[in-house]
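>
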Amino acid sequence: MSKQLTPLIADLTKVKSNPIDLKTIVVSTLIGLLLNSLPWLPAARAETVQLGVVKSRDNQGHWSGITERLHSIGVNYCIVDLTEVKKASDLDNTNLLFLPNVEFLHPKQFQALQEWIAQGGKVIVSGPTGLLSKPDIRKQLRELLGAYWGFAMTQPSILH
21 MSKQLTPLIA DLTKVKSNPI DLKTIVVSTL IGLLLNSLPW LPAARAETVQ
71 LGVVKSRDNQ GHWSGITERL HSIGVNYCIV DLTEVKKASD LDNTNLLFLP
121 NVEFLHPKQF QALQEWIAQG GKVIVSGPTG LLSKPDIRKQ LRELLGAYWG
171 FAMTQPSILH
């Protein structure tokens, strides 16, 4: 037997000779493993995300490409028809909203979006969101979203 393994085996022998210590170690280990492996603990803390993808007349030409990309990566979503959004409660079936190339927002639609975000809703925007809206709506969108559409980028760029 190797001299390096002898101390380890000797220590294990001592643990086996004292049943209380071995029982405590085994029970503690099993409790720790059980608590760390219970599937319901992480699930209880995780928030279920219901993605809503906004469909509008502005993105009709891109709609099949948008849905194909979402399907290809296995994303579950519901379609939110922008013409039906008049108040924040119209967005209640989602907690994450994707606005792909939604260039025009009516003041009531903007107000609904603003109230929904204030209630905890999250938004992802792409493309020229609100570009064709009235100037005051564009300004409020910049403040609400923290950014605005400036120009098309033909190449990737690093944010500083």
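Under our numbering, the first residue of the sequence shown carries the number 21, and numbering increases by one thereafter. The beta-carbon is built from N, C-alpha and C at its ideal position, and this holds for glycine as well.
1) Can you tell me where the beta strand (DSSP E) with Asp101 in it begins and where it stops?
2) Let's see if you can read the secondary structure: which residues bound the beta strand (DSSP E) around Ile144?
3) Which first and last residues belong to the alpha helix (DSSP H) in which Lys106 is found?
4) Based on Cα-Cα distance, which residue from Asp78, Gln80, Lys106 and Leu111 lies nearest to Gly72?
5) So Asp78 and Phe124 are supposed to be a Cβ contact under 8 Å. How far apart are they, rounded?
6) Mind checking who Pro120 pairs with in its DSSP beta bridge?
7) Taking the CB atoms as reference points, tell me whether Leu116 and Lys142 lie closer together than 8 Å.
8) Tell me where the alpha helix (DSSP H) around Leu71 begins and ends.
So, from the listed chains and residues:
1) Tyr97 to Asp101
2) Lys142 to Ser146
3) From DSSP, Lys106 is part of no alpha helix (DSSP H); its letter is neither H nor E.
4) Leu111
5) 6 Å
6) Ser146
7) yes
8) Not the alpha helix (DSSP H): Leu71 falls in the beta strand (DSSP E), residues Leu71 to Lys75.
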